[in-house]
């Protein structure tokens, strides 16, 4: 049987076995069993409103509700969507759900403009609610990451907007704008010494501590043909204004954006702490120059903070074969060829602007200029990859495709899951994240799949480790190789805290893709539990 170096994500057989034997609920409330295949639960209704969804999160105060948003140039609004039909609320208005319950319009906030690029969304307690506020009285907020850097570092600010989550049962109507007193704005700056390839990292994934004390940004990364590593950036401590000042590299200063009336232009250069004399001069003068025609005077504080790189992870490879209950599977185990020397590193030298994969596909691997300069040793199979763990000497490859004309299962997966697929960008790009309320598990979504990581110390992302692949890209019938749809994968992911059904709380997973316009659900399969 031919031997081949796999480009799928490496998973030790021991890890697979331990997952298969997992039973019961995990102490932290996350899923200890396996996950079912993704199911398209519902389409968004009415159509044409949520059509390029780029993030998703579960409400904690509005049962059965998810928050999502569109990407890029769409109007800057976030949408409360009903996850599943709730009994007693009227089947006509809720149908199969996916219906939009409310629209929160953020177009009127400071710095919102043409290049505003909402990338991810999360729900957690609001910041600056220190120990003086009882836990049951702490307010909840929706956190929105305006962190995309597709337009270059000089074209936009890097921001996180935090808005107090409205209670939908209060009868807000179909759409509302948040009161300015319910808005927090964080203007971010990356430490230049931590930035490796770009002046401004391109970030599409954000996770928050459920208590509102910190958030983390995970780099998307186009670097090294998608190998990464992708940086993980941590905010200062947002428990209180004092903790922010103490832990922020800039001292936690803020400016105040102000305008004389609703709908007017914001001025954001009026107040710089700690300069108390400024409060009594320019800000007061500006606000006092209002006229009787001014309907409203408004201010929003903008907190300037440094985010620090605390860790890096390799962008995970998806295993694109089917598994679980979807179909009968064939397991093939391939040993590393012992005749090949061990590569000095997983990083290999690449010639010029063309990738090693392209050089191999063009038949360049055996040419002297490639061999003499040690280009593409791993891709050209002149050495074998170093094991990631001491006990790891095999790869498990799952496939149902054994037809000889397509090669071995390993080779089929290599073609499907390698660096690029037609015109799609690298399928290992990290597009979304969500941190479990226990702080012990982190979901990472890429264009190629959903992956779960463990944290040995809760809420400490320096202790992160790969745990398992949850799913590959949208297996909803569009994975046919004759179309491009297979690679239009997850843009948003979150743990299920909707409470419908309650036994999946903190265990099930919701996912969205801007190309499929609907809610996908992955249920947790644990012994003794019914869907």
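Numbering (my numbering), first residue to last: 832 to 1362. The C-beta atom is built at its ideal place from N, Cα and C for all residues, glycine as well. All figures in this text were calculated on a predicted structure; none of them were measured in a lab.
Separation of the CB atoms of residue 1003 and residue 896 is rounded to 13 Å, and the pair is thereby denied contact status at 8 Å.
With at least 16 other beta carbons inside 10 angstroms of its own, residue 907 counts as buried. In this structure, the beta-carbon distance from residue 889 to residue 1328 falls below 7 Å. Proximity to residue 1034 across 1050, 1299, 1349 peaks at 1050, based on C-alpha coordinates. From the listed residues 1356, 1302, 1335, 1336, the smallest Cα separation to residue 1342 is found for 1302. Your pair residue 1146 and residue 1052 checks out as a contact, with CB atoms roughly 6 Å apart and the cut at 8 Å. Counting of Cβ neighbours within 10 angstroms places residue 1194 among the exposed residues, the total staying below 16.
With contacts defined by Cβ atoms closer than 7 Å, residue 1039 and residue 1129 do not form a contacting pair. Pairwise C-beta distances place the region 1293-1301 out of contact with the region 1185-1199, as fewer than three of them are shorter than 8 Å. Setting aside the 5 residues that flank it on each side, residue 1043 is surrounded in the same chain by 955, 956, 957, 958, each with a C-beta closer than 6 Å to its C-beta; the list follows chain order. Residue range 1129-1144 is occupied by the beta strand (DSSP E) that includes residue 1138. Cβ neighbours of residue 941 within its own chain (closer than 7 Å, five residues either side excluded): 1016, 1088, 1097, 1099, 1131, 1133.
Collapsing the DSSP output to three states places residue 988 in coil.
Buried is the label assigned to residue 987, since at least 16 other Cβ atoms lie within 10 Å of its Cβ. Under the 8 Å Cβ criterion, the region 868-876 does not count as touching the region 965-976, having fewer than three qualifying pairs.
If you draw a straight line from the Cα of residue 1064 to the Cα of residue 939, it comes to about 28 Å.
With a contact defined as Cβ atoms closer than 8 Å, residue 860 and residue 1337 qualify at about 4 Å. Judged by beta-carbon spacing, residue 1283 lies beyond the 7 Å limit of residue 885, meaning their Cβ atoms are not closer than that value.
Taking the Cα of residue 1170 as reference, the smallest distance to any Cα among 1216, 1135, 1143, 1136 is reached at 1216. A check of alpha carbon separations from residue 1330 across 1340, 1324, 1323 identifies 1340 as the nearest.
For residue 1202, the enclosing alpha helix (DSSP H) starts and ends at 1199-1203.
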